[in-house]
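In the numbering used here, the protein residues as written are 7 to 249.
Worksheet for the structure shown next.
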Ligand code: 3PY
Ligand code: MG
């Protein structure tokens, strides 16, 4: 398996997977995304479905990121054992929670990950995986300087929907509401000041362009399920039109 190192510092555009399908993961990998994220938090992907999806992405040569279901020691270790190039940990709301994620990510003496690297040990020279924590609540915003200072946090990833809800804003705030931008800009600025990659989930290509202009160093575009549903709806509507 040859997979390029994950570079989250220079405008990378990744994609998002919610459906438990290896062929769909491979298909999305063939498109050229900088990475694809297997979403175990909100996607329909359990541990058994994840393994063939990792294999599909490896076949396409696409780095596979795993969003674990929660900040859970076992889930983080398992994603790494199975060969994730990075783990995204949702809802990290304090430095203590960031330290717990980093602790689960590393073997002793640095952390407390249990040894048993199944698939990840089958290949030499795999790039070192990255530990990415999600900033998506007002608590995380308040604790941001301390979270960014936690040794072992490699990058942050903003969840715009949860952040909006936590701030009492509508989900549409990410479409350009100044109140949302006023929340996001200092997050991106603080990461830049520390030289830390900062990414954000994007519901559209327009969001990706706007958030990159605001300083996001990488983005993840909405999911294969969303794209498939939108395309199916468009084709259906077109087919119903009279010639
Ligand atoms: C959010 O927008 O809250 C996310 O977690 C995106 O995946
Ligand atoms: Mg979220």
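In this text, a Cβ means the ideal position worked out from N, Cα and C, and glycines have one as well.
Cα separation between residue 88 and residue 32?
17 angstroms
I'd like to check one pair, residue 63 with residue 1: are the Cβ atoms closer than 8 angstroms?
Coverage of the chain is limited to positions 7 through 249, which leaves residue 1 absent and any answer about it impossible.
Take residue 49 and list the residues in its own chain whose beta-carbon comes closer than 6 angstroms to its own, dropping the five residues that flank it on each side.
24
So the candidates are 157, 131, 141, 93; which of them puts its Cα closest to the Cα of residue 10?
131
On the three-state DSSP scale, how would you describe residue 144?
helix
Closest to residue 22 by C-alpha separation, out of 42, 16, 29, would be which residue?
42
Do you know how far the Cα of residue 203 is from the Cα of residue 19?
13 angstroms
So if I measure from each beta-carbon to every heavy atom of ligand 1 and keep distances below 5 angstroms, which residues remain?
142, 165, 166, 167, 168, 207
Grab me the residues of residue 170's own chain with a C-beta within less than 7 angstroms of its C-beta, minus the 5 sequence neighbours each way, in chain order.
176, 177, 179, 180, 186
By the three-class DSSP mapping on this structure, what secondary structure does residue 119 have?
coil
If you draw a straight line from the C-alpha of residue 30 to the C-alpha of residue 51, how long is it?
13 angstroms
Comparing the CB of residue 96 with every heavy atom of ligand 2, is any distance shorter than 7 angstroms?
yes
According to DSSP, is residue 227 part of a helix, a strand, or is it coil?
strand
Determine, using beta carbons only, whether residue 65 and residue 44 come nearer to each other than 8 angstroms.
no
Taking the C-alpha atoms as reference points, what is the distance between residue 183 and residue 94?
26 angstroms
Could you spell out where the alpha helix (DSSP H) holding residue 198 opens and where it closes?
184 to 199
Which whole-angstrom value describes the C-beta separation of residue 194 and residue 142, a residue pair presumed to lie in contact below a C-beta threshold of 8 angstroms?
Contact flag wrong, Cβ pair sits at about 14 angstroms.
Residue 156 versus residue 109: straight-line alpha-carbon distance, rounded
11 angstroms
Is it true that the CB of residue 28 sits closer than 8 angstroms to the CB of residue 59?
yes
Between the alpha carbons of residue 196 and residue 128, how many angstroms are there, rounded?
38 angstroms
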